[in-house]
Amino acid sequence: MKQKISIIVALATNHVIGKNNQIPWHIPKDLQYFKRITMGKPMIMGRKNFESIGRPLPGRKNIILTRDKDYKAEGCIITHSKEEAVAAADNAEEIMIIGGGAIYEMFLDEADMLYLTEIDSDVEGDVLFPKYDKTQWKEVSREAGEENLDWNYDYVVYNRK
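Residue 1285 is where the sequence shown starts when you use the working numbering, and the numbers rise one by one after that.
Structure representation (structure tokens):
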């Protein structure tokens, strides 16, 4: 059985996902959504993304993909290639790709699902989610995010056509 590769990301209308190694918005409900979708699944992330989180996330296998051969992070599996990162997921049914920008770009062409938190605003930032061909994706669910004084957003799930 082919492993399902799923990308999860919150992105602004202009594809911004980060600024100064931080998430440029504060939406607690989105963090809860992220936890619910990723819990129990292996997650592949880049080193900078891991360092912005600051610790391994509990209840999930934390796989870091980095070019730094000497990189160490307690409680995480360190890998140095896409293939090695996928292998570290140990044939899990679904692998979650959690960023950042370079990691999303690396996996986007073979992703099977996108879990997007679409923020209805342009936001200033220095890390972007890669552009993708929306005609290759079918929206399977859309749920309005809880009212938030600062941001309007939807949780949208897409399957590759």
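Glycine included, every Cβ here is placed at the ideal spot set by N, Cα and C.
Please report how far the alpha carbon of residue i lies from the alpha carbon of residue j, in whole angstroms.
{"i": "I1361", "j": "T1350", "result": "11 Å"}
{"i": "R1444", "j": "D1352", "result": "32 Å"}
{"i": "K1356", "j": "S1336", "result": "15 Å"}
{"i": "I1291", "j": "M1390", "result": "11 Å"}
{"i": "D1396", "j": "K1418", "result": "13 Å"}
{"i": "R1331", "j": "T1363", "result": "10 Å"}
{"i": "F1413", "j": "R1344", "result": "23 Å"}
{"i": "Y1399", "j": "D1354", "result": "32 Å"}
{"i": "L1315", "j": "E1431", "result": "15 Å"}
{"i": "A1296", "j": "Y1317", "result": "17 Å"}
{"i": "K1313", "j": "G1409", "result": "21 Å"}
Any idea what DSSP makes of residue i, helix, strand or coil?
{"i": "I1328", "result": "strand"}
{"i": "Q1287", "result": "coil"}
{"i": "R1446", "result": "No answer is possible for residue 1446: the residues shown for the chain start at 1285 and end at 1445."}
{"i": "K1445", "result": "coil"}
{"i": "E1335", "result": "helix"}
{"i": "T1419", "result": "helix"}
{"i": "L1252", "result": "An answer regarding residue 1252 cannot be provided, because it is not within the stretch 1285 to 1445 covered by the chain."}
Contact check, residue i vs residue j under 8 Å by CB: the rounded distance?
{"i": "N1346", "j": "P1340", "result": "4 Å"}
{"i": "A1372", "j": "Q1287", "result": "A1372 to Q1287, Cβ: 12 Å. No contact."}
{"i": "V1407", "j": "P1342", "result": "Actually they are not in contact, since the Cβ atoms of V1407 and P1342 sit about 29 Å apart, beyond 8 Å."}
{"i": "Y1442", "j": "G1429", "result": "Not really, about 17 Å apart at Cβ, beyond 8 Å."}
{"i": "I1311", "j": "W1435", "result": "6 Å"}
{"i": "I1289", "j": "E1394", "result": "6 Å"}
Is the beta carbon of residue i within less than 8 Å of some heavy atom of the ligand ATP?
{"i": "Y1399", "result": "Judged by which ligands are present, the structure shown has none, so any question about the ligand ATP falls away."}
**OP:** Check whether the segment 1377-1386 touches the segment 1325-1332, counting contact only when three or more Cβ pairs, one atom from each stretch, lie closer than 8 Å.
**Re:** yes
**OP:** Pick out the complete alpha helix (DSSP H) segments inside the segment 1365-1417, 4 residues or longer, and give them in chain order.
**Re:** 1366-1372 and 1385-1392
Original post:
If we count Cβ pairs, one from each stretch, closer than 8 Å, do we get three or more for the segment 1395-1409 versus the segment 1290-1308?
Top reply: yes
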